[in-house]
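First residue of the sequence shown? That's 1 in our numbering, and the numbers climb one at a time after it.
Idealized CB from N, CA, C, for every residue including glycine.
Step one of this worksheet: look at the structure below.
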Amino acid sequence: MNGAVILAGGGETPPEIPHTLLRLADGANARVVILAHVQQDIARGAQRSAAFFAENGAQNLIAPDTLDAGELIALVQAARGVWIPGGDQNRFMERLGGSAALLEAIRGVVARGGVVGGTSAGASLMGARMPTGDHAPDGALKVGASPTAPAIGALPNALVDQHFLKRQRLPRLLCALLEHPSLVGIGVDEDAWALAHKGKLTAHRGQVVVARVRQKPRQHEQLLGGHNIQLQILLPNEAVGI
């Protein structure tokens, strides 16, 4: 991964996030595309995010509200940064996930040394797969209890969850990883954020949980089991390889 991926867990988005994105994307004049298609009102969400980035130094912002994949591909291909705000990750994929070329263009920003990122739903979209709903109400770790779906794949080996500790989502992440053990689980707490860059995930604010299933999961009827499940809880300025 030549570029960087920013993961914010929802809640307050601190100014350090746009500052970091701009710094890694080559400065205030770097072209940044806001994709607010996670939100019901795309135009309003795009304008709100663009205003926040402008307040924090961005000078070359594009905040499209079109659903035309061809137009969006052209914008993203010319960008050094892409930001996706909070909302509903399922809505984003329903609207735009059918365009493999657009998803590839977003991944391409990272491949050529740029920066992509998001907060809340926008963060979950960064993984290879994303959570699509709440964990089963009985709390059991069983097949299908934590549904996931393909996401953008800016972090091709990860599954990202958000509002993580605030909303007690560890069971949701563990269940998803037991069904997809090749992925690294990243749980970013509310008001926390982390940066994936140069093969490392660094927590910059709050707590970030990293989970890995180290041995092949087991199954008894619908129940899932596992040995050697590794959990790491990162505090600010702590990092792990991913």
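Item to check | Whole-Å CB distance - residue 196 paired with residue 242, under 8 Å assumed | outcome: 6 Å
Next on the checklist: Please classify residue 156 as buried or exposed, where buried requires at least 16 neighbouring CB atoms within 10 angstroms.
Outcome noted: exposed
Checklist entry - Taking one C-beta from the segment 36-55 and one from the segment 133-141 each time, how about it: are there three or more such pairs within less than 8 Å? => result no
Next on the checklist: Between which residues of its own chain and residue 328 is the CB-CB distance below 6 Å, once the five residues before and five after are set aside?
Outcome noted: What is shown of the chain runs 1 to 242, which leaves residue 328 out entirely.
Checklist entry - Are the Cβ atoms of residue 199 and residue 113 separated by less than 7 Å? => result no
Checklist entry - Can you give the beta carbon distance from residue 84 to residue 65, rounded, assuming they're within the 8 Å contact cut? => result Wrong, their Cβ atoms sit about 14 Å apart, outside the cutoff.
Item to check | Beta-carbon proximity list for residue 102, same chain, < 8 Å, skipping 5 on both sides | outcome: Contacts found: 69, 72, 73, 76, 96.
Next on the checklist: What residue range does the alpha helix (DSSP H) around residue 150 cover?
Outcome noted: First-last for residue 150: 148-150, but that is the beta strand (DSSP E), not the alpha helix (DSSP H).
Checklist entry - Taking C-beta to C-beta, are residue 25 and residue 115 nearer than 7 Å? => result yes
Checklist entry - So, are the CB atoms of residue 225 and residue 209 less than 7 Å apart? => result no
Checklist entry - According to DSSP, is residue 82 helix, strand or coil? => result strand
Checklist entry - Can you tell me whether residue 44 is buried or exposed, with buried defined as 16 or more other CB within 10 angstroms of its CB? => result exposed
Item to check | Beta-bridge pairing of residue 229 - partner residues as DSSP gives them | outcome: 213
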